[in-house]
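Top to bottom, those sequences are chains A and B. 12 is the number of the first residue of the first sequence in my numbering; add one for each residue after it. 12 is the number of the first residue of the second sequence in my numbering; add one for each residue after it. So the structure is just underneath, and the comments pick up after that.
Protein chains: 2
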Amino acid sequence: MPKAALRSNADRGEETRRKILDAAESLFAERGFHGVSLRDITTLAKVENALASYHFKVKDHLISAVVLRRAEEHRFDLVNSLEATILARKPGLPTNLDLVKAYARPALEKIARGPGWAAYIKIIVGIQNLDRNNTVSLLTNSIYDDTIRLFVTAFERANPGVPKRSVQFSLYFLHGAFIHILSQGRTFERLIDDAKGFQDPAELLEELANSFAFGLDGKARARAQRS
Amino acid sequence: MPKAALRSNADRGEETRRKILDAAESLFAERGFHGVSLRDITTLAKVENALASYHFKVKDHLISAVVLRRAEEHRFDLVNSLEATILARKPGLPTNLDLVKAYARPALEKIARGPGWAAYIKIIVGIQNLDRNNTVSLLTNSIYDDTIRLFVTAFERANPGVPKRSVQFSLYFLHGAFIHILSQGRTFERLIDDAKGFQDPAELLEELANSFAFGLDGKARARAQRS
DNA sequence: GTCTATATCGCGATAGAC
DNA sequence: GTCTATCGCGATATAGAC
Numbered sequence: 012m013p014k015a016a017l018r019s020n021a022d023r024g025e026e027t028r029r030k031i032l033d034a035a036e037s038l039f040a041e042r043g044f045h046g047v048s049l050r051d052i053t054t055l056a057k058v059e060n061a062l063a064s065y066h067f068k069v070k071d072h073l074i075s076a077v078v079l080r081r082a083e084e085h086r087f088d089l090v091n092s093l094e095a096t097i098l099a100r101k102p103g104l105p106t107n108l109d110l111v112k113a114y115a116r117p118a119l120e121k122i123a124r125g126p127g128w129a130a131y132i133k134i135i136v137g138i139q140n141l142d143r144n145n146t147v148s149l150l151t152n153s154i155y156d157d158t159i160r161l162f163v164t165a166f167e168r169a170n171p172g173v174p175k176r177s178v179q180f181s182l183y184f185l186h187g188a189f190i191h192i193l194s195q196g197r198t199f200e201r202l203i204d205d206a207k208g209f210q211d212p213a214e215l216l217e218e219l220a221n222s223f224a225f226g227l228d229g230k231a232r233a234r235a236q237r238s
Numbered sequence: 012m013p014k015a016a017l018r019s020n021a022d023r024g025e026e027t028r029r030k031i032l033d034a035a036e037s038l039f040a041e042r043g044f045h046g047v048s049l050r051d052i053t054t055l056a057k058v059e060n061a062l063a064s065y066h067f068k069v070k071d072h073l074i075s076a077v078v079l080r081r082a083e084e085h086r087f088d089l090v091n092s093l094e095a096t097i098l099a100r101k102p103g104l105p106t107n108l109d110l111v112k113a114y115a116r117p118a119l120e121k122i123a124r125g126p127g128w129a130a131y132i133k134i135i136v137g138i139q140n141l142d143r144n145n146t147v148s149l150l151t152n153s154i155y156d157d158t159i160r161l162f163v164t165a166f167e168r169a170n171p172g173v174p175k176r177s178v179q180f181s182l183y184f185l186h187g188a189f190i191h192i193l194s195q196g197r198t199f200e201r202l203i204d205d206a207k208g209f210q211d212p213a214e215l216l217e218e219l220a221n222s223f224a225f226g227l228d229g230k231a232r233a234r235a236q237r238s
C-alpha cells in the first residue's frame, strides 16, 4: 500500500493548501496580484484549478493567506531584535549602528534562508506602493505599525542632539532604502560594472549600518558645531 | 459656429490622444498595468472605448507612450543638473552635498509641478519592481542608464578616500530611498504622530542631502582614523 | 478533499458605417 | 477621427459526481 494512501483527508488538504500558497507566493512576487491568474497558480502548484477556490474561496483571501503565513514571525523577530539590542547596552543607550542593524538583520536573515521570504517581502512592498486601501495593505499595516513605532522612538532617544523631525527623515530614508533592497529591484545593481552584486547579507548589513549611522552622527556633529 | 467645429481632424485627434494618455498615466500609477483595463482608461478620459485601440493599437504601446512623453525631459534635466554642479565648482570638485542635490532636484521640481510627474515616476518604479524584461523596463533602462552612470562616476571622484564599492553602496541606498519617496509610498509617513508630512520639496532635498552626504563623509572619516 | 464541467463575466481588439 | 456593435478569449467562481 503506497504511503500516500495512508494519509488522512485532512493531511492531503493541508498539503494542497501549502502547494497553492507556495506557488501563489512565488507568482505574486514576480508579476503582482493582477498579473497572475488562479489558473497560473494551480498549474504551477500542480493541483486542479477548482482547488484554489475550494481552499481560499476568492483570490483576495488567497493573497492574504500568503502574507499571514510569514508576517507574524517577522514581526516577532523585529521586536525581539530591538529588545535584545537595548538590553545589551543597559544601562546605557544603543548606538545608531546598533539600531540600524537591529532593524535590518531580521529580514536579511530570513531572505538568506530561501526564496520564500524574499517573495513575501516583494509582495507586501509591491502592494503597498499601489492601492493603499486593499486587503493586504491594511493587513500588513495592522501587523507592523506598532513595531516600527518602537524603532522610531528608540532612534529618537539615541539622538538627543538631533531634532526629532530630522531623525524621522533619516529613518524615512533608511526605510525606503531597505525595502528597495528587499524587493530586489536590481535597477541600480545593473548599472555598476562590477562582477559582484550587492546581495551578500553580511556586507549589506555593514554598509547599511555605516551609511545611515554616519548620516545621523553627522547631523548631530553639524548641529554641535553650529552652536 | 462653435469653436470646436473650427478645429481640424488632426487637432481633435491630438486632444483625444492627450486625454487618453492623461487618464492612463493616472490609472496605471494607481493600480499598475494589469490592474487597469482599457475601458477604465477611456471611461476616465471620457472618450469612446475603441479610440484607445485606434490611437495606440495595443495596451503595451499605450503605456510606452505614457512613459516616453516624460522620460526624455527628465533625462535631459538630470544631465544638465549634474553638469551645472560640476561646472560651478571648477576647477575643484563638487561636494557630496552638491551631488546629492543635483541628483534629486530635477525629479522633486517636476513632482511639485503637478500630479502627472508623480504618476509617471510611480509607473516606472512600480513596473521595474515586477518583470524586468517588459517593454517599459527596457525602455526606461535605455533612457536612464548612461545618466545614472555619470552620477556614479562623479560620486566616486568626489570620494577618493572611500573605496569605490562603499561609495556604490551609499548610492544604492540613496537611489532606493529616493525612488521610495518619489513613488509616494506613505508607509512610513503614516507612522509618525506629527501633523506635518514629509512632502515639502525644499525640506526633503535638504534632509536627503544631509543624510547621505554625512553618511559618505562619515565613511571617509572612519577610514582616515583607522590608518 | 478532489475532479469534471460549465456558468457568467469583463477583457483586448476589430469591423465597418459615418 | 469617431462611433456602434461584436468577436473570441480567458478570467473567477460554482455545481455536482466521486
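Quick reminder that beta carbons are idealized off the backbone N, C-alpha and C, glycines included.
- Any Cβ of chain A closer than 7 Å to the Cβ of S37 (chain B) would place that residue at the interface, and such an atom is absent.
- A165 (chain B) has a beta carbon lying at 7 Å or more from every beta carbon in chain A.
- Not a single C-beta of chain A is nearer than 7 Å to the C-beta of N91 (chain B).
- The residues I132 and V136, in chain order, have a CB closer than 8 Å to that of I190 (chain B) in the same chain once the five nearest residues on each side in sequence are set aside.
- The count of Cβ pairs closer than 8 Å, one atom from the segment 206-224 of chain A and one from the segment 144-164 of chain A, stays below three, leaving the stretches out of contact.
- In the three-state reduction of the DSSP assignment, I31 (chain B) falls in the helix class, which pools H, G and I.
- Residue state for V136 (chain A) is assigned as helix, using DSSP reduced to three classes.
- At a Cβ-Cβ threshold of 7 Å, P126 (chain B) and D88 (chain B) do not count as neighbours.
- The contact set of I192 (chain A) on chain B, defined by CB atoms closer than 9 Å, consists of Y183, F184 and G187 in chain order.
- T54 (chain A) and A61 (chain A) have their alpha carbons spaced roughly 11 Å apart.
- Under the 7 Å criterion on CB atoms, Q210 (chain B) is classed as non-interfacial with respect to chain A.
- Going by beta carbons, A76 (chain A) and L110 (chain A) fall outside the 7 Å limit.
- Between the segment 79-97 of chain B and the segment 151-158 of chain B there are three or more C-beta pairs closer than 8 Å, enough to call the two in contact.
- Residues of the segment 224-235 of chain B with a C-beta less than 9 Å from any C-beta of chain A: A224, F225, G226, L227, D228, G229, K230, R232 and A233, listed in chain order.
- Against T198 (chain B), the close residues of chain A are Q139, in the order they occur along the chain (beta-carbon pairs closer than 7 Å).
- The distance from the Cβ of I138 (chain B) to that of A129 (chain B) is about 15 Å, inconsistent with a contact at the 8 Å cut-off.
- Closest in alpha carbon position to I52 (chain B), among B:E41, B:A34, B:S64 and B:H45, is B:A34.
- Counting C-beta pairs with one atom in each stretch, the segment 92-110 of chain A and the segment 63-78 of chain A have fewer than three that are closer than 8 Å, which means they do not touch.
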